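Enquirer: This is the structure I want to talk about, given as C-alpha cells.
Protein chains: 2
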Amino acid sequence: MKIIVIGATGTIGSNIVRKLEEQHEVIRVGSKSGDYQLDLTSPEEIEKMYKSIDNIDAVVSATGSASFKKLEEMTPELNTVAVQSKLLGQINLVLIGQHYLNANGSFTLTTGVMMDDPIVHGSSAAMANAGVASFVKSAAIELKNGIRINSVSPTIVEESLSKYGAFFDGFNPVPVDRVSNAYIKSIAGAQTGQNYTVY
Amino acid sequence: MKIIVIGATGTIGSNIVRKLEEQHEVIRVGSKSGDYQLDLTSPEEIEKMYKSIDNIDAVVSATGSASFKKLEEMTPELNTVAVQSKLLGQINLVLIGQHYLNANGSFTLTTGVMMDDPIVHGSSAAMANAGVASFVKSAAIELKNGIRINSVSPTIVEESLSKYGAFFDGFNPVPVDRVSNAYIKSIAGAQTGQNYTVY
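Going down the list, the sequences are from chains A and B. FYI, the numbering for the first sequence is -8 to 190, going by this note's numbering. FYI, the numbering for the second sequence is -8 to 190, going by this note's numbering.
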C-alpha cells in the first residue's frame, strides 16, 4: 500500500512510520520536514497535497496542535489553535481526501484520552478530540468506494513522559508501540467508524 | 434566579422559557427577536451581552446552526457553519461568560443525538455536538466559584417531526417537554460535567 503519514516526525508518527515501512510505501509528511511539507490548517494546502501525491491507499494523521491553558485563561482566540489544527485540519484531510483516495482506502485520525478523562488545561484539546471522534463515527456511514475511517485515542505514552507527564499524573502511560498498533489495525483491518482507545 | 435563554424562540427554547418563567426571571435572547439580540458567532457580541445584562445566575443555550449535507458534498467551508455557531458559539458563551456569571451559577448547552447515533447528512453536526459535550465534561473540573456546566443531548422531538423527521426515520421521537426537563435539572440541580441524553 501507499500510505501518507502526517506528523511523521512526532513520537507516535515516527513509530508508525517505522512499523509501516516494513511492508508499505510510506510518504512522510511534516510541517517542516519529511518527504512533503504541509500546513494542516490550510484547506488549499491539503488539496494541493492530494493533487501532488497520486495513488494513495491510506492516510494517517498523527498530528494536530492545541493550546493547553487553564480554563480561566482560555480565550476564544486561544481555542482556535485546536479548532484550526487538531479538529478542522484532520477533518479537512477527510472532506477533501475522500475525492482522491483509492477505492477501499482508509483514513486514520488521532484523538486523545482527555476527551474521555479530562485533565486540567485540557478543555480545548478535549473539544477537538471528541469532535474528531464523532465526525469519524458519522463519516464512516457515508464514505463511498469502500473507503473506511477510524480514529486512535492514545493516553500519555511512556516516550513522552518527560515532556507531558506533569499533565497526566495518575494516568497509566502506555508504550508508543501499543499506540502504533491501533493505527496498523485501522489500516490493515476491515473495521470502520471506530475510535480505538489505547489507555 | 435570573436566567438567560439563547435560542428562546426555537421549538425547544420556547418550551424551556415557558417552564422557567413559572419560577424565574427569564431574559429571552434570539438572533432577531426576544429581549436581547445576539449573533452567537461573534465573541465581541457575546462579551457585549454579558456586559449589558448583569446579575446572571444561569445561561441556557438552546441554539446553534449546522450544515446538513451528504458527506461527499460537505466542504471545509460548509463545515464552518457548525464550527462557528453550534461549536464555538456555545463554547464562547462559557469561555467569556465564566468571568461574568454569579457564583454558583450554571451553563447548560445543547448537543444532539447524531453524535452518538449517526445519521446521513449529520457529520458536521455530530462533530460540533461531541466537541461541545467533551468541552463541557472538561470545563466542569476547572470552573471556579461553584459555577456548574452541563449539556443536553436531545433526539428528534415530536414537535419537530414535520420539519426534520425525514432525517430521523426509525428514531423514537420524544415530547419537547421531556427535553426541557433536562435543562431544568441542569439549572436547578447540583450536577456538573454531565451530558443529559434524552433519547
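Even glycine gets a Cβ: it sits at the ideal position worked out from N, Cα and C. All values derive from a computational prediction rather than experimental measurement.
Under DSSP, the alpha helix (DSSP H) around Asn83(B) begins and ends at which residues?
Expert: Unbroken alpha helix (DSSP H) run through Asn83(B): 79 to 88.
Enquirer: Using 7 Å as the threshold, is the C-beta distance between Asn83(A) and Gly103(A) below it?
Expert: Not closer than 7 Å, so no.
Enquirer: To which residues of the same chain is Gly96(A) closer than 7 Å at the C-beta, ignoring the five residues directly before and after it?
Expert: Cβ within range, chain order: Ile47, Asp48, Ala49, Ile138.
Enquirer: On a CA-only basis, which of Ile178(A), Thr146(A), Ala181(A), Ser153(A) is nearest Arg169(A)? Give me that one, please.
Expert: The shortest Cα separation from Arg169(A) among Ile178(A), Thr146(A), Ala181(A), Ser153(A) belongs to Thr146(A).
Enquirer: Below 8 Å, can you find three or more Cβ-Cβ pairs linking the stretch 160 to 180 of chain A to the stretch 0 to 13 of chain B?
Expert: Taking 8 Å as the limit for Cβ pairs, the verdict is that the stretch 0 to 13 of chain B does not touch the stretch 160 to 180 of chain A.
Enquirer: Measure from the alpha carbon of Val217(B) to the alpha carbon of each residue in Ala181(B), Thr188(B), Tyr174(B), Gln28(B), then state which is nearest.
Expert: Past the edges of chain B, shown from -8 to 190, lies residue 217(B), and the structure says nothing about it.
Enquirer: Taking the alpha carbon of Pro191(B) as the point to measure from, which residue in Gln75(B), Glu68(B), Ser52(B) has its own alpha carbon closest?
Expert: What is shown of chain B runs -8 to 190, which leaves residue 191(B) out entirely.
Enquirer: I'd like to know if Leu29(A) contacts chain B, where contact means its C-beta is closer than 7 Å to some C-beta of that chain.
Expert: No, no contact with chain B.
Enquirer: Could you tell me how far apart the beta carbons of Phe59(A) and Ala117(A) are, in whole angstroms, since I believe they sit closer than 8 Å?
Expert: Not a contact, Cβ separation roughly 11 Å.
Enquirer: Rounded to a whole number of angstroms, what is the C-alpha to C-alpha distance between Ala157(A) and Glu149(A)?
Expert: If I take the Cα positions, the gap works out to 12 Å.
Enquirer: Pull up the CB-CB distance for Val143(B) and Ser177(B), whole angstroms please, since I reckon it's below 8 Å.
Expert: Between Ser177(B) and Val143(B) the Cβ distance is about 7 Å, and since that is below 8 Å, they are a contact.
Enquirer: Can you tell me which of the three DSSP states Pro145(A) falls into?
Expert: Pro145(A): strand per DSSP, three-state reduction.
Enquirer: Are the beta-carbon atoms belonging to Ile140(B) and Thr183(B) less than 7 Å from one another?
Expert: Cβ distance < 7 Å, so Ile140(B) and Thr183(B) count as in contact.
Enquirer: Name, in chain order, the residues that DSSP records as bridge partners for Ser52(B).
Expert: For Ser52(B), which the question treats as bridged, DSSP gives the partners Ile(-3)(B).
Enquirer: Does the Cβ-Cβ distance between Ser129(A) and Pro109(B) come in under 7 Å?
Expert: In contact: Ser129(A) and Pro109(B) (Cβ atoms closer than 7 Å).
Enquirer: Which partner residues does Thr32(B) have in the DSSP bridge list?
Expert: In DSSP, Thr32(B) forms no bridge with anything.
Enquirer: Using alpha carbons as the reference points, say which of Gln81(B), Gly122(B), Val(-4)(B) lies closest to Glu12(B).
Expert: Residue Val(-4)(B) is the option with its Cα nearest to Glu12(B).
Enquirer: Can you list the residues of chain A that Ser125(B) reaches, using a CB-CB cut of under 7 Å?
Expert: Within chain A, the residues near Ser125(B) are Met106, Ala117, Met118, Asn120, Ala121.
Enquirer: Interface residues of chain B around Val74(A) at Cβ under 9 Å?
Expert: Per Cβ cutoff of 9 Å: Val74, Leu78, Leu79, Gly122.
Enquirer: Do Val123(B) and Gln81(B) count as a contact pair if the criterion is CB distance below 7 Å?
Expert: Closer than 7 Å, so yes.
Enquirer: Using only CA atoms, which one of Lys154(A), Thr188(A), Gln185(A), Lys77(A) lies nearest to Thr32(A)?
Expert: Comparing Cα-Cα distances from Thr32(A) to each of Lys154(A), Thr188(A), Gln185(A), Lys77(A), the minimum goes to Lys77(A).
Enquirer: Got a sec: is the Cβ-Cβ distance from Leu86(A) to anything in chain B below 7 Å?
Expert: Answer yes: the Cβ-Cβ gap between Leu86(A) and chain B drops below 7 Å somewhere.
Enquirer: In this structure, does DSSP put Thr66(B) in helix, strand or coil?
Expert: Looking at Thr66(B) - three-state DSSP - the assignment turns out to be coil, as it is neither helix nor strand.
Enquirer: Rounding to the nearest angstrom, what Cα-Cα distance links Thr188(B) and Ile44(B) in this structure?
Expert: Cα to Cα, the separation comes out at about 30 Å.
Enquirer: Using a Cβ-Cβ cut-off of less than 7 Å, list which residues of the stretch 57 to 74 of chain B approach chain A; keep chain order.
Expert: If the cut-off is 7 Å between Cβ atoms, the stretch 57 to 74 of chain B has Lys61, Leu62, Glu63, Met65, Thr66, Pro67, Asn70, Val74 near chain A.
Enquirer: Should Leu86(B) and Met65(A) be called a contact, given that it needs their Cβ atoms to be closer than 7 Å?
Expert: For Leu86(B) and Met65(A), yes; Cβs fall inside 7 Å.
Enquirer: So with CB distances below 7 Å, who are the chain A contacts of Asn83(B)?
Expert: Within 7 Å Cβ-Cβ: Pro67.
Enquirer: Use the C-beta contact count for Gln89(B): other C-beta atoms within 10 angstroms, 16 or more gives buried, fewer gives exposed.
Expert: Gln89(B) is buried by the Cβ-count criterion.
Enquirer: Buried or exposed: which applies to Ala94(A), given that a residue is buried once 16 or more other Cβ atoms fall within 10 Å of its Cβ?
Expert: When all chains shown are included, Ala94(A) counts as exposed.
Enquirer: Under 9 Å between beta-carbons, which chain B residues line up against Leu134(A)? List them in chain order, please.
Expert: The answer, in chain order, is Leu62, Glu63.
Enquirer: Output the boundary residues of the beta strand (DSSP E) element that contains Val170(B).
Expert: Segment 167 to 179 is the alpha helix (DSSP H) holding Val170(B); no beta strand (DSSP E) there.
Enquirer: What residues in its chain sit with their C-beta under 6 Å from that of Asn136(B), if we drop five residues either side in the sequence?
Expert: Around Asn136(B): Ala94.
Enquirer: Quick check on this structure: which residue in Lys61(B), Ser171(B), Glu133(B) has the alpha carbon closest to the alpha carbon of Phe126(A)?
Expert: With distances taken between Cα atoms, Phe126(A) lies closest to Lys61(B).
Enquirer: Going by Cα to Cα distance, which pick from Glu63(A), Lys39(A), Asp107(A), Val17(A) is closest to Asn186(A)?
Expert: Residue Asp107(A) is the option with its Cα nearest to Asn186(A).
Enquirer: Is the Cβ-Cβ distance between Thr101(B) and Ser52(B) less than 7 Å?
Expert: Closer than 7 Å, so yes.
Enquirer: With 16 as the cutoff for other CB atoms within 10 Å, does Ser24(B) come out buried or exposed?
Expert: Result: exposed.
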